[in-house]
Amino acid sequence: MESPTTSYRWKNNHVAAKVAAKNTTGVGKWQERPALAERRVALKVRSNTPSPGKLLVSNNKEKGQLMFLTKVLTLVDTLRAPAQASAHCDLPCGVYDPAQARIEAESIKAIVEKYNASDDQYFRDRATLIKEERAAEVNHHLDVLWYQYFQPAHLEKYPQLHEVFWNAKKLTSQVKRANDVAIADQLLASIGQISDIFWETKK
Numbered sequence: 001m002e003s004p005t006t007s008y009r010w011k012n013n014h015v016a017a018k019v020a021a022k023n024t025t026g027v028g029k030w031q032e033r034p035a036l037a038e039r040r041v042a043l044k045v046r047s048n049t050p051s052p053g054k055l056l057v058s059n060n061k062e063k064g065q066l067m068f069l070t071k072v073l074t075l076v077d078t079l080r081a082p083a084q085a086s087a088h089c090d091l092p093c094g095v096y097d098p099a100q101a102r103i104e105a106e107s108i109k110a111i112v113e114k115y116n117a118s119d120d121q122y123f124r125d126r127a128t129l130i131k132e133e134r135a136a137e138v139n140h141h142l143d144v145l146w147y148q149y150f151q152p153a154h155l156e157k158y159p160q161l162h163e164v165f166w167n168a169k170k171l172t173s174q175v176k177r178a179n180d181v182a183i184a185d186q187l188l189a190s191i192g193q194i195s196d197i198f199w200e201t202k203k
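Here is the structure:
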């Protein structure tokens with residue numbers, strides 16, 4: 001017959017073994033969870049990633065839609081051509097005047113005169129910087145007139161327009177490189193020629 005002491009020890013050992021087994025199993029499961037989570041994420045990413053065939057079909061569909069839209073817009077332009085606008089800005093405002101280029105050129109001449117009359121190097125450096133900014137403005141205003149205002153019909157009536165603008169643009173570059181009043185006067189004269197033609201087209 002088993003003694004009470006032996007029976008008590010056996011029960012305690014049995015319970016301790018169960019607890020140890022349970023804890024071991026729990027730790028094992030806890031260590032396996034990250035691996036399971038990684039596998040689940042991998043499966044989810046794999047299922048959400050389109051195959052090369054699906055991507056090709058999607059690209060072909062978008063390309064077909066763009067081609068269809070291009071054909072529709074081309075047909076609309078053929079049936080009803082867009083009206084031609086004349087303006088120096090994207091609004092368009094329709095305001096043009098060679099006076100903008102002339103005022104900047106007059107400023108350049110005054111700056112050159114002040115540059116030559118001064119011995120202060122700091123003043124001269126600043127004058128050179130401002131003169132180049134004004135020359136860029138002259139260049140911009142000439143471009144506006146040349147590219148946007150004057151039309152092929154004007155060239156037929158004033159064939160010298162090409163040469164006049166070409167000379168004015170060359171002088172704009174020269175006045176940046178030199179502090180010569182004579183070049184500034186030539187630039188003003190070229191802008192004056194452009195202004196004369198411009199106002200004749202307004203008659």
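Read the sequence shown against full-length UniProt numbering and you will find it ends at 203, with the numbers running on by one and no gaps.
Heads up, the beta-carbon is just placed ideally off N, CA and C, and yes, glycines get one too.
Check: Can you tell me whether residue 107 is helix, strand or coil according to DSSP?; Outcome: helix
Check: Out of 203, 103, 93, which one is the CA nearest neighbour of residue 136?; Outcome: 103
Check: With the cut-off set at 9 Å, would you say residue 193 and residue 164 are in Cβ contact?; Outcome: yes
Check: What residue range does the alpha helix (DSSP H) around residue 170 cover?; Outcome: 161 to 177
Check: Using DSSP with H/G/I as helix, E/B as strand and the rest coil, what is residue 205?; Outcome: There is no way to answer for residue 205, as the model of the chain reaches only from 1 to 203.
Check: Nearest to residue 128 by CA position, among 119, 169, 112, 157, is which residue?; Outcome: 112
Check: With respect to the alpha helix (DSSP H) encompassing residue 195, which residues constitute its N-terminal and C-terminal limits?; Outcome: 181 to 201
Check: Measure the alpha-carbon distance for residue 151 versus residue 177 and round it to whole angstroms.; Outcome: 32 Å
Check: Residue range of the alpha helix (DSSP H) that residue 121 falls in?; Outcome: 121 to 144
Check: Identify, in the order they occur along the chain, each residue of the same chain with its Cβ nearer than 7 Å to the Cβ of residue 195, setting aside the five sequence neighbours on each side.; Outcome: 98, 102
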